[in-house]
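Asker: Pasting in a structure now, in structure tokens, and then I'll have a few things to ask.
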Amino acid sequence: MSMNQENRHVLVANKLLIAMSGLTRWTKRQEGFLYEQHHYNIPKPFLDLKWTKSRIRHLLTLLSHCDDQGIISLVENDMLANYARTSVRSLHNNLRLFESVGLIRYSVHFSGVVTIELIDYLENYRDLFEEADTHRSKTGYTSLWCGMVRQLMDIDHVNILRVALRALVQVERDIHVQSQDKATLTYDEVRGFLPRYCGHRLAVKGMLDQLSRFFNVHLVENTKDFLSALKENAALKRRMHTVTRPLMFHVKLEAQVDSKKIRETERASTLISWFDLREVARDYIDFDRLEVSSSSLQSLSDTYGFTACDEVLRAIRNDFHQYGELLQESDIYQLFFESPILYLNERLRRHTEKLAIA
DNA sequence: GATTAGGGCGCAAAATCCGT
DNA sequence: ACGGATTTTGCGCCCTAATC
């Protein structure tokens, strides 16, 4: 019923994930010093806040429901609080807090319904900056599958949540950007950003164990394996500072929550579905005259998902089967022949709304 | 002006966090 | 593992604003 549906892929600046997980205390590096707050250029309001469990959950909740301008319009408090698994009271407290430090603006419309605006959304929350005519990310952002975010909300212990956020950044870096087959966190790195009191080897191991719900976690705790892992990964070696324990964790995302994989396979399937339509339609019309680029189809796939795209494309295919070239005369298909992507967008939007109500 | 509805806020209990 | 500190939450009072 709510027109605000959850984003399928939730985009979060790495600097936010780092800030929320806690900045590392280990600033010394081989080449000098590295302060995460400067390195990531983390906006001040994010540094000033203490990131408690409910605050992390609420911020992720906002990011999961905002549009590409960082706006969530007319949404029920209950819905947001439920999503974050907190009371409405805490949601209010945090919304007020976020507003007072300049992270958001919000207004209450009528009982229990608010509109929220994330301030400087692109710069602050996505790390995107204008450059020439396009946007560039300085320190990167991570795409999270909505199912993954929902699982994050189920984590009870803040510190496990913190480790999860770091692991996600690392997966983005090592696997998605650097194309390695696994991401690595060392014991010392984990200890660096967690509060001092939970730095014990067993505690850290236990936390990583609990992440195996949505990460594929592999422990490397034997000295020989540790050293050989270090040897074959130059980037890892470079970012090491201290080694107090030969203990590291290889993490991978489970396929069902891997935003990148999901996106890629869905894109490919949507393209195939489009070509199936083409096969049928070109018996009746000059299909290639429509000039639909694969990149716009991919973006439809990202926004609405393969299932919805396929259902709509199938329906169009059936209409071609049934009506053939007569389709060109029909009013409802007029927009399709003038601007196919606009038409598909419109139809997909209605399609997903219908599903939401049902 | 009485009544009511809704949000803010203080209080205190419960849950969690954190330092040792 | 223990205990003080902090966060989260529900309860209920108070204020405001809308309605009759």
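Sequential numbering from 18 applies to the first sequence in the working numbering.
Yeah, the Cβ is synthetic: ideal placement off N, Cα and C, and Gly gets one too.
1) Can you tell me where the alpha helix (DSSP H) with H368 in it begins and where it stops?
2) Roughly how many angstroms separate the alpha carbons of L135 and F115, rounded to a whole number?
3) Just to confirm, is the Cβ distance from E283 to S318 under 8 Å?
4) What is the DSSP secondary structure of M18, reduced to helix, strand or coil?
5) Return the chain-ordered list of same chain residues with a C-beta closer than 8 Å to the C-beta of D327, the five sequence neighbours on each side being excluded.
6) When the distance is taken between beta carbons, is A101 closer than 8 Å to R74?
7) From what residue to what residue does the alpha helix (DSSP H) around W291 run?
8) Would Y321 and L264 qualify as a contact pair, given that the criterion is a beta-carbon distance under 8 Å?
9) Does the beta-carbon of P60 have 16 or more other beta-carbons within 10 angstroms, so that it is buried, or is it exposed?
10) Kindly indicate which three-state DSSP category L211 falls into: helix, strand or coil?
11) Using a 10 Å radius around the Cβ and a threshold of 16 neighbouring Cβ atoms, would you call L372 buried or exposed?
12) Pull up the distance between the alpha-carbon of V329 and that of L361, whole angstroms please.
13) Name, in chain order, the residues that DSSP records as bridge partners for E93.
14) Report yes or no: do the segment 227-237 and the segment 180-188 share at least 3 C-beta pairs separated by less than 8 Å?
15) Hey, how far is the Cα of H368 from the Cα of L219?
16) Secondary structure at K269, three-state DSSP: helix, strand or coil?
17) Rounded to a whole number of angstroms, what is the C-alpha to C-alpha distance between R190 and H174?
18) Note down, one range per segment and in chain order, each alpha helix (DSSP H) of at least 4 residues found wholly within the segment 128-168.
19) Rounded to the nearest angstrom, what separates M224 and R167 at their Cα positions?
20) What does DSSP give as the partner residue(s) for L236 in the beta ladder?
21) So does the segment 291-304 actually touch the segment 265-279, counting three or more Cβ pairs closer than 8 Å?
22) Looking only at its own chain, which residues have a Cβ that is under 7 Å from the Cβ of H152, when we skip the five neighbours before and after it?
23) By DSSP, does Y123 sit in helix, in strand, or in coil?
24) Can you give the beta carbon distance from Y57 to T156, rounded, assuming they're within the 8 Å contact cut?
25) Would you mind sorting A298 into buried or exposed? The rule is 16 or more other CB atoms within 10 Å of its CB.
26) Is there contact here, the segment 125-135 with the segment 85-99, by at least three beta-carbon pairs under 8 Å?
27) Classify T261 as helix, strand or coil using the three-state DSSP reduction.
28) Looking only at its chain, what residues have a beta carbon closer than 7 Å to the beta carbon of K70, apart from the 5 residues adjacent to it on each side?
29) Between the alpha carbons of M20 and Y214, how many angstroms are there, rounded?
30) Identify which residue in V237, R280, E206 has its Cα closest to the Cα of R256.
31) Can L359 and Y350 be called in contact, C-beta distance under 8 Å?
32) Taking the beta strand (DSSP E) that K193 falls in, what are its first and last residues?
33) Tell me the rounded alpha-carbon separation between E249 and V27.
Answerer: The short version:
1) Looking up residue 368 in the first sequence gives position 351. Where H368 is concerned, the enclosing alpha helix (DSSP H) stretches over 357-374.
2) The residue given as residue 135 occupies position 118 in the first sequence. The residue given as residue 115 occupies position 98 in the first sequence. Straight-line Cα distance between these residues: approximately 10 Å.
3) The residue labelled residue 283 in the question sits at position 266 within the first sequence. The residue labelled residue 318 in the question sits at position 301 within the first sequence. A contact, by the Cβ cut-off of 8 Å.
4) Counted from its first residue, the first sequence places residue 18 at position 1. For M18, the predicted model reports a pLDDT of 36, less than 50, meaning its position is unreliable; a value from the coordinates is still stated below. Correct three-state label for M18: coil.
5) Here residue 327 refers to the residue found at position 310 of the first sequence. These residues qualify, in order along the chain: S286, T287, S290.
6) For the purposes of this step, residue 74 is taken as residue 57 along the first sequence, with counting starting at 1. For the purposes of this step, residue 101 is taken as residue 84 along the first sequence, with counting starting at 1. It is a contact, given that the beta carbons lie within the stated cut-off.
7) Numbered from its first residue, the first sequence carries residue 291 at position 274. Segment 276-298, the alpha helix (DSSP H) holding W291.
8) Translated into positions along the first sequence, residue 321 becomes position 304. Translated into positions along the first sequence, residue 264 becomes position 247. Their beta carbons are not under 8 Å apart, which means Y321 does not touch L264 by this criterion.
9) Sequence index remark: in the first sequence, residue 60 carries index 43 (1-based). The residue in question, P60, is buried, as its Cβ has 16 or more Cβ neighbours within 10 Å.
10) Position 194 of the first sequence, counting from 1, holds the residue named residue 211. Reduced to three states, the DSSP call for L211 is coil.
11) Here the question's residue 372 lines up with position 355 in the first sequence. It is exposed - the Cβ of L372 has fewer than 16 other Cβ atoms within 10 Å.
12) As a working note, residue 329 is residue 312 in the first sequence. As a working note, residue 361 is residue 344 in the first sequence. Taking the straight line joining both Cα atoms gives about 8 Å.
13) As a first step, residue 93 is located in the first sequence; it is residue number 76 there, counting from the start. Bridge partners of E93: V130.
14) yes
15) Locating residue 368 in the first sequence gives position 351, counting from the first residue. Locating residue 219 in the first sequence gives position 202, counting from the first residue. About 50 Å.
16) Within the first sequence, numbered from 1, the residue matching residue 269 stands at position 252. K269 falls in the strand class under three-state DSSP.
17) Numbered from its first residue, the first sequence carries residue 190 at position 173. Numbered from its first residue, the first sequence carries residue 174 at position 157. Their Cα atoms are separated by approximately 25 Å.
18) none
19) Here residue 224 refers to the residue found at position 207 of the first sequence. Here residue 167 refers to the residue found at position 150 of the first sequence. Approximately 18 Å between the Cα atoms of the pair.
20) The count along the first sequence starts at 1 and reaches residue 236 at position 219. Under DSSP, the beta-bridge partners assigned to L236 are F266.
21) no
22) On the first sequence, position 135 is the one that residue 152 refers to. Closer than 7 Å at the Cβ level, and outside the excluded window around H152, lie L139, L145, F146.
23) As a first step, residue 123 is located in the first sequence; it is residue number 106 there, counting from the start. In this structure, Y123 counts as strand in the three-state DSSP scheme.
24) Along the first sequence, one-based indexing puts residue 57 at 40. Along the first sequence, one-based indexing puts residue 156 at 139. Confirmed, Cβ separation roughly 5 Å.
25) Residue 298 sits at position 281 when you count from the first residue of the first sequence. The residue in question, A298, is buried, as its Cβ has 16 or more Cβ neighbours within 10 Å.
26) yes
27) By 1-based counting over the first sequence, the position of residue 261 is 244. Three-state DSSP puts T261 in coil, outside helix and strand.
28) Start at 1 with the first residue of the first sequence, and residue 70 comes out as number 53. V175, L178.
29) Against the first sequence, residue 20 aligns to sequence position 3. Against the first sequence, residue 214 aligns to sequence position 197. Caution applies to M20, whose pLDDT of 46 falls short of 50 and renders its modelled position unreliable; the value that the coordinates give is listed next. Cα to Cα, M20 sits roughly 44 Å from Y214.
30) Translated into positions along the first sequence, residue 256 becomes position 239. Among V237, R280, E206, the Cα nearest to that of R256 belongs to E206.
31) Translated into the one-based positions of the first sequence, residue 359 becomes position 342. Translated into the one-based positions of the first sequence, residue 350 becomes position 333. Not closer than 8 Å, so no.
32) Indexing the first sequence from 1 puts residue 193 at position 176. The question names Lys, but residue 193 in the sequence shown is His. Element bounds for H193: n/a, residue is neither H nor E.
33) Start at 1 with the first residue of the first sequence, and residue 249 comes out as number 232. Start at 1 with the first residue of the first sequence, and residue 27 comes out as number 10. The alpha-carbon atoms of E249 and V27 are separated by roughly 33 Å.
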